[in-house]
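What follows is one structure encoded as structure tokens, with my remarks underneath.
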Amino acid sequence: MAGIKALISLSFGGAIGLMFLMLGCALPVYDKYWPLFLLFFYILSPIPYCISRRVADDTDSASNACKELAIFLTTGIVISAFGLPIVFARAEVVTVLTSVFVSFSPCVCLR
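Mapped onto full-length UniProt numbering, the consecutive letters of the sequence shown carry residue numbers 1 to 111.
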């Protein structure tokens, strides 16, 4: 039963995060769709870890270089998802308020 609760909370968090992203783009006050590039980070973030689980051996060693590299790459992708709205606001592609609004999206989606 614990697996069902985790799955429900994960899907609820993803839906709320995507709602923040869509509202940050589609509201008439903001009217810029550049933050939708965050969807690429949402799609790319689990890929390195899934590949490493497929490739790596399940040995009992304390450290596995393939899994550590995958975790490092996943961390870089997640940090990029937080940084992209800030870069857009700094380059004045979107407003600062849009950047703040869209920055809540990775907090909820990538937890």
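All residues carry an ideal CB built from backbone N, CA and C; glycine is no exception.
Close beta carbons around residue i, own chain, < 7 Å, minus the five adjacent residues each side
| i | result |
| --- | --- |
| residue 74 | 45, 48 and 49 |
Candidates the options: closest to residue i by CA position
| i | options | result |
| --- | --- | --- |
| residue 41 | 91, 84 and 72 | 84 |
| residue 18 | 31, 36, 29 and 3 | 36 |
Residue i versus residue j: straight-line alpha-carbon distance, rounded
| i | j | result |
| --- | --- | --- |
| residue 5 | residue 95 | 37 Å |
| residue 33 | residue 21 | 10 Å |
| residue 54 | residue 29 | 45 Å |
| residue 101 | residue 24 | 6 Å |
| residue 88 | residue 38 | 11 Å |
| residue 90 | residue 98 | 12 Å |
| residue 65 | residue 76 | 16 Å |
Sequence-distant residues of the same chain with beta carbon closer than 6 Å to residue i, five excluded per side
| i | result |
| --- | --- |
| residue 70 | 48, 49 and 52 |
| residue 15 | none |
| residue 106 | 81 and 82 |
Residue i beta carbon near the ligand SAH (any heavy atom closer than 8 Å)
| i | result |
| --- | --- |
| residue 94 | Ligands in the displayed structure: none, and consequently the ligand SAH is not present. |
Beta-carbon contacts of residue i that lie in its chain and below 8 Å, excluding the five residues immediately before and after
| i | result |
| --- | --- |
| residue 93 | 32 and 34 |
> Where in the segment 58-107 do unbroken runs of the alpha helix (DSSP H), each at least 4 residues long, occur, reported from the N-terminal end onward?
Replying inline: 65-90
>> List, from N- to C-terminal side, the alpha helix (DSSP H) runs of 4 residues or more that fit wholly inside the segment 9-54.
In response: 38-44
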